[in-house]
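Trainee: Pasting a structure below so you can have a look.
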Amino acid sequence: MLPPSWQLQIPLDAIIFDCDGTLSSIEGIDQLAELNDVSESVKELTSIAMSKTGLTPDIYQKRMDLILPTQKFIDALGKQYCKNLTPDSDAVIRLLHGLKKEIYIVSAGLYPAIVPLAELLNISDKNIYAVGIQFDSHGKLLSYEQDSPLTKNEGKKVIVTEILKKHSRIGYVGDGLNDVVVYDLVTRFIGYGGIYYRSNIAALCEYYIETPSMSAILPLFLTQMEYENLAEEGKNLYRKGLPV
Numbered sequence: 001m002l003p004p005s006w007q008l009q010i011p012l013d014a015i016i017f018d019c020d021g022t023l024s025s026i027e028g029i030d031q032l033a034e035l036n037d038v039s040e041s042v043k044e045l046t047s048i049a050m051s052k053t054g055l056t057p058d059i060y061q062k063r064m065d066l067i068l069p070t071q072k073f074i075d076a077l078g079k080q081y082c083k084n085l086t087p088d089s090d091a092v093i094r095l096l097h098g099l100k101k102e103i104y105i106v107s108a109g110l111y112p113a114i115v116p117l118a119e120l121l122n123i124s125d126k127n128i129y130a131v132g133i134q135f136d137s138h139g140k141l142l143s144y145e146q147d148s149p150l151t152k153n154e155g156k157k158v159i160v161t162e163i164l165k166k167h168s169r170i171g172y173v174g175d176g177l178n179d180v181v182v183y184d185l186v187t188r189f190i191g192y193g194g195i196y197y198r199s200n201i202a203a204l205c206e207y208y209i210e211t212p213s214m215s216a217i218l219p220l221f222l223t224q225m226e227y228e229n230l231a232e233e234g235k236n237l238y239r240k241g242l243p244v
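Okay, so the sequence shown: first residue is 1 according to our numbering, each after it adds one.
What follows is the structure, encoded as structure tokens:
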């Protein structure tokens with residue numbers, strides 16, 4: 001009997017996750033905006049970037065100028081990322097690690113804020129790709145990595161191209177336009193709409209998840225043999241992710 005068309009026949013080597021709205025249910029930039037009382041202006045720019053134009057250096061700069069993040073704000077954001085982990089993300093990543101998949105986070109967010117989330121999920125620092133930021137001795141913003149490719153809509157394509165030098169078969173999970181740019185580079189792309197449903201992103205994806213649980217990626221990322229070799233706890237998580 002032929003396997004379902006959605007089931008991979010050859011295992012993936014690595015899985016890449018977006019952070020904001022994917023691994024964590026919050027949009028970090030919007031959280032920082034609330035801390036600096038510029039929420040509405042920043043949310044409007046974020047909405048344009050995620051749903052219409054894609055991320056641009058101009059939008060990135062405008063948001064940074066509004067939020068003026070401090071070291072204290074970034075520390076608080078890191079804690080919020082961890083508190084707002086998307087359902088089953090930790091269990092899913094443990095399972096993927098158990099299958100010897102290399103796990104990456106690729107985000108247009110700020111690197112120091114993402115590190116605590118990566119540590120929580122046992123993802124190596126070397127596998128975090130995000131935008132660097134520097135503070136002075138008083139914790140005030142000095143500069144951020146303006147030349148990072150991740151401040152541009154095509155930036156994740158640049159990063160994934162580099163990762164492809166290490167891994168030939170990659171799965172990718174993300175929720176925005178700046179994620180969809182890698183669609184044709186990876187073995188399987190999954191659009192994640194479990195937190196923020198975006199009809200324009202759904203229309204671009206062969207596979208689009210609308211359930212909050214990250215377990216829904218497992219049937220789309222694992223082969224039948226990988227499933228059969230899971231312990232019962234892993235099989236239950238896999239089955240939880242199957243469409244009803």
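Each residue gets a CB set at the ideal place from its N, CA and C atoms; glycine is no exception.
Measure the C-alpha to C-alpha separation of Y60 and L23 and round it to an integer number of angstroms.
Mentor: In a straight line, the C-alpha of Y60 is about 21 Å away from that of L23.
Trainee: So who's on the other strand from E119, going by DSSP bridges?
Mentor: Note: E119 sits in no beta bridge, so no partner.
Trainee: Between the segment 52 to 71 and the segment 149 to 169, can you find at least three pairs of beta-carbon atoms closer than 8 Å?
Mentor: Touching, per the Cβ criterion.
Trainee: If contact is defined by three or more beta carbon pairs under 8 Å, each pair taking one atom from either stretch, is the segment 186 to 200 in contact with the segment 158 to 176?
Mentor: Result yes; three or more Cβ-Cβ pairs closer than 8 Å.
Trainee: What are the partner residues of L110, as DSSP defines its beta bridges?
Mentor: Note: L110 sits in a beta bridge opposite V131.
Trainee: Taking Q9 as the reference, which of K240, L222, K235 has the closest Cα?
Mentor: It is L222.
Trainee: As an exercise, report each continuous alpha helix (DSSP H) stretch of at least 4 residues that is fully enclosed by the segment 200 to 244, in chain order.
Mentor: You should have 218 to 221, 224 to 228, 232 to 240.
Trainee: Helix, strand or coil: how does DSSP classify R188 here?
Mentor: Strand.
Trainee: Is it buried or exposed for T46, if we count other Cβ within 10 angstroms and need 16 for buried?
Mentor: Classification of T46: buried, given that the 10 Å Cβ count is 16 or more.
Trainee: Within the same chain, show all residues whose beta-carbon is closer than 7 Å to that of K166, passing over the 5 residues directly before and after it, in chain order.
Mentor: Nothing listed; no residue qualifies.
Trainee: Relative to the C-alpha of V160, which candidate in V182, G234, D90 has its C-alpha closest?
Mentor: When each option's Cα is compared against that of V160, the closest is V182.
Trainee: Please report the straight-line C-alpha distance between Q71 and D88, rounded to a whole angstrom.
Mentor: Roughly 29 Å between the two C-alpha positions.
Trainee: What first and last residue would you give for the alpha helix (DSSP H) that runs through G193?
Mentor: That residue, G193, is in no alpha helix (DSSP H); it is neither H nor E in DSSP.
Trainee: Using three-state DSSP, classify I170 as helix, strand or coil.
Mentor: Residue state, collapsed to three classes: strand.
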